[in-house]
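Numbering (full-length UniProt numbering), first residue to last: 1 to 145. Here is the structure we will look at.
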């Protein structure tokens, strides 16, 4: 025969388990939301910088810049950015394409700044974009390493 007080004796364990399950579920929901917000923020930062690069190169091509090498590099940046128009999903392949394009564009932009003897450096341009988009606190720690 079952003891009628058995359920009363195990109340502490039951409440502990219920609290643990509730806390775990809240944590999953919160971390999912925070992860999604972080992803949106970093994606926004990358695309703002890509837009800045695109505008900068269009400005060079529209100007009366006489340096042929500068215009060639600006055209190369445009050709790097063009394929990104059709790749806006979150797949691993599109992410790799975006990261590769960003790296190539940064290098070309650095070359253009040197060729034009531009007073503004690439890091200043990136910082301007970060000022516009806002900084993510976690990135400060990553940059320190």
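Every residue gets a Cβ at the ideal spot worked out from N, C-alpha and C, and that includes glycine. Being a predicted model, the structure only gives us computed values, none of them experimental.
Minimum C-alpha distance to residue 127 - residue among 114, 33, 48 = When each option's Cα is compared against that of residue 127, the closest is 48.
Which whole-angstrom value is the C-beta distance of residue 76 and residue 108, which I expect to be below 8 Å?
-> The C-beta separation of residue 76 from residue 108 comes to about 6 Å, placing the pair in contact by the 8 Å criterion.
Select from 25, 53, 89 the residue whose C-alpha is nearest the C-alpha of residue 43.
-> Closest by alpha carbon: 89.
Answer yes if the stretch 100-119 comes into contact with the stretch 69-83, meaning at least three C-beta pairs across the two stretches below 8 Å, and no otherwise.
-> These segments touch.
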